[in-house]
Amino acid sequence: MADKAKEEVVVEKTAKKTRKRTPAVEVSNDAEVQETATETVEAPAKPEREVSLKEQNPEKFLEDFNWHNYEEGIDPVDDGKLEEFEKLVKENFVDTLDNEVVEGEVVHLSERDAIIDINAKSEGVVSLNEFRYNPDLKVGDKVEVLIDVREDATGQLILSHRKARTIMAWDRVNKAHDEATIVNGFVKCRTKGGMIVDVFGIEAFLPGSQIDVKPIRDYDVYVGKTMEFKVVKINHEFKNVVVSHKALIEADIEEQKKEIIGQLEKGQVLEGIVKNITSYGVFVDLGGVDGLVHITDLSWSRINHPNEIVELDQKLNVVILDFDEDKTRIQLGLKQLSAHPWDALGEDHKIGDKVKGKVVVIADYGAFIEVAEGVEGLIHVSEMSWSTHLRSAQDFVNVGDEVEAQILTMDREERKMSLGIKQLAPDPWTDITTKYPVGSKHSGIVRNFTNFGVFVELEEGIDGLIYISDLSWTKKIKHPSEFTNISDNLEVVVLELDVEGRKLSLGHKQTTENPWDKYEAEFAVGSVHTAKIDEVVDKGAVINFNDDISAFVPKRHLEKEDGSDVGKGEEAQFQIIEFNKEFKKVVASHMAIHKEEEAKIVKQQAKKAAKQADESKPTLGDANSALQALKDKMDGK
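Under our numbering, the first residue of the sequence shown carries the number 6, and numbering increases by one thereafter.
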């Protein structure tokens, strides 16, 4: 009995404890759940007392009793009711987890913020600055947001649309890249080498070469526009995105290109638009296919740059000249649409006629003259002057000059013409023997040097040669530049005249008398002159008696009376021991001066000794002594 009573007390306490700790479940939308909770907390009064399980079967009650719930203070709730409750919460509320993008609805707009309902305990706030890209935002719009702060200092839920766009944008960009889909982007501004484009809130780079298939000259016209792009490259490490608008255009053009290329034929005339102009030619857009008109195929006339003929975006007809097997390189022509100027050249142009034209090109060998549009003739430098001394064509004409010439040769089949200017003036060699007879003196201009002489121009077309040996009577000249300079005036004498060979031999030294004729007597062999040593060389020395006469002194002839040599700058007397007028050679000696004096002393002493011998008849020993003394004196002892 005691055990049974104890058991009843425990059960009763447990029941009371359970009822006391059972919470009321507040779910306004479910009346049945509320009713169940109410029954659990407070049992309604009944007319008749119900018999509980504890009373009916105490042992069964104790066996099924949940001691864990009793210890934790949890009232039992039906599992079905719990599942239904969790379902309602899941459908009506979101889990406010960080780094999770949810969709919300704009329920209110203020001057600074947008109120977003995300089905949480409270609405969230997003700054309108994050919607600057979408100025048409209105109440009821669905937007993606990221829970930034669950509760700030005022308990407000803070959301971020910008962060949500960034997270979703990378997913969209990667998807667009993988699936090669087209995306819309807003061109924000220019940058170095291209443009900055807003794609899903990400700043992507649009290279200048990827804007269009044709070169872009003004990038600013694209700023502020919304365009279609294709994502061509993503760098996940640096979060860089590259887009292309050109790729979309190329896809459409590729179809057009195949259709156009399949119909190409040589000689076909097509209409195109000038796409690009370079120094070597013009690129023409034929409707998706580009062809090149080389500068030589733009005009029959010679031009310096293609922009003299065409302009950018100009429409023009061109003819297909050639293309490769794959038809990727197309050669076009513009001048071929008109007849060749040589074919239109009249029969009134024939050899010997005079023509006028403009100098279009100058080369070292001559100048090209355009006598008619597309018709040129060459004036060789040798046909510019009667002078046999060839010069550069630039000495006679300049580009752009209007000149008159005579047609020398003409080949209509080869389309070649040679012209001459000098033929319009009389040949100066016609009366050469009258104007320049042999022996006549003239003045000319030094035009050119050679190793063997100087070319002197007497008049236009009359050149003569002065050999180096005919420049001076006295100076030994190794090169003409030692004697004269280009453009100097020289007095000359005509030495020889070859009319058939058109050659003149001139002389300059012949304009003055030969000084060797008058010096032959002055510097005769044996004559003595005073001079200074001007230069000492290995084999002797050189002395200058005047401006015309120089003499060479051999080394052994430099010896003085005391045995030393005459040095440079030292003045002494020299005796001429050789004078050759023909070879202009003079040799002098200083030693001959004092050696000759010694010879005179020997002769005088010999005469004196002989006279004394006759008078005193000296002995043989005395004679020997006198001779020995004379010998010692001569030896300088």
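Cβ atoms here follow ideal geometry from the backbone N, Cα and C, with glycine treated the same way.
Are the beta-carbon atoms belonging to residue i and residue j less than 8 Å from one another?
i	j	result
residue 597	residue 562	yes
residue 265	residue 296	no
residue 312	residue 282	yes
residue 165	residue 150	yes
residue 325	residue 273	yes
residue 548	residue 537	yes
residue 285	residue 308	no
residue 212	residue 247	yes
residue 385	residue 343	no
residue 454	residue 433	no
residue 138	residue 203	yes
residue 512	residue 475	yes
residue 271	residue 327	yes
residue 188	residue 236	yes
residue 479	residue 459	no
residue 438	residue 502	yes
residue 594	residue 582	yes
What residue range is occupied by the uninterrupted beta strand (DSSP E) comprising residue i?
i	result
residue 452	446 to 454
residue 520	Per DSSP, residue 520 belongs to no beta strand (DSSP E); it is in the alpha helix (DSSP H), 520 to 527.
residue 389	Residue 389 -> no beta strand (DSSP E), and no H or E assigned at all.
residue 375	371 to 377
residue 209	207 to 212
residue 191	187 to 196
residue 62	Counting along the chain, residue 62 falls outside any beta strand (DSSP E), and DSSP gives it neither H nor E.
residue 515	First-last for residue 515: undefined, no H or E at that position.
residue 336	335 to 338
residue 658	Because residue 658 is not part of the residues shown, which for the chain are 6 to 642, the question remains open.
residue 114	106 to 114
If you follow the alpha helix (DSSP H) that residue i is part of, which residue opens it and which one closes it?
i	result
residue 125	Looking at the DSSP string, residue 125 is not in any alpha helix (DSSP H), and its letter there is neither H nor E.
residue 173	166 to 184
residue 221	Here residue 221 belongs to no alpha helix (DSSP H), and DSSP marks it neither H nor E.
residue 438	437 to 440
Can you give the Cα-Cα distance for residue i and residue j, rounded to whole angstroms?
i	j	result
residue 398	residue 408	13 Å
residue 174	residue 207	7 Å
residue 176	residue 185	14 Å
residue 550	residue 556	8 Å
residue 180	residue 215	21 Å
residue 499	residue 523	24 Å
residue 121	residue 128	6 Å
residue 88	residue 253	54 Å
residue 383	residue 337	28 Å
residue 323	residue 470	59 Å
residue 535	residue 477	25 Å
residue 234	residue 287	30 Å
residue 340	residue 483	59 Å
residue 429	residue 367	21 Å
residue 118	residue 194	27 Å
residue 136	residue 111	12 Å
residue 114	residue 106	21 Å
residue 599	residue 514	39 Å
residue 517	residue 497	10 Å
residue 362	residue 405	9 Å
residue 168	residue 257	36 Å
residue 566	residue 526	29 Å
residue 539	residue 457	29 Å
residue 259	residue 251	12 Å
residue 205	residue 316	40 Å
residue 442	residue 466	16 Å
residue 41	residue 125	Because residue 41 sits at a pLDDT of 37, beneath the cut-off of 50, its placement in the model cannot be relied upon, and the point is left open.
residue 473	residue 491	15 Å
residue 575	residue 589	25 Å
If contacts are defined as beta-carbon pairs under 8 Å, then residue i and residue j qualify, I think. What distance do you get, rounded to the angstrom?
i	j	result
residue 388	residue 426	6 Å
residue 374	residue 320	In fact, because the Cβ distance is near 34 Å, the residues do not count as touching under 8 Å.
residue 451	residue 509	The pair is not a contact, with the Cβ atoms about 14 Å apart (cut-off 8 Å).
residue 109	residue 148	6 Å
residue 178	residue 227	At roughly 20 Å, the Cβ-Cβ gap does not stay under 8 Å, so residue 178 and residue 227 are not in contact.
residue 493	residue 392	At roughly 18 Å, the Cβ-Cβ gap does not stay under 8 Å, so residue 493 and residue 392 are not in contact.
residue 372	residue 364	5 Å
residue 346	residue 380	5 Å
Check the DSSP bridge columns for residue i and list the partner residues they point to.
i	result
residue 409	361
residue 549	555
residue 226	Answer is none; residue 226 lacks a bridge partner.
residue 537	576
residue 508	503
residue 249	235
residue 425	411
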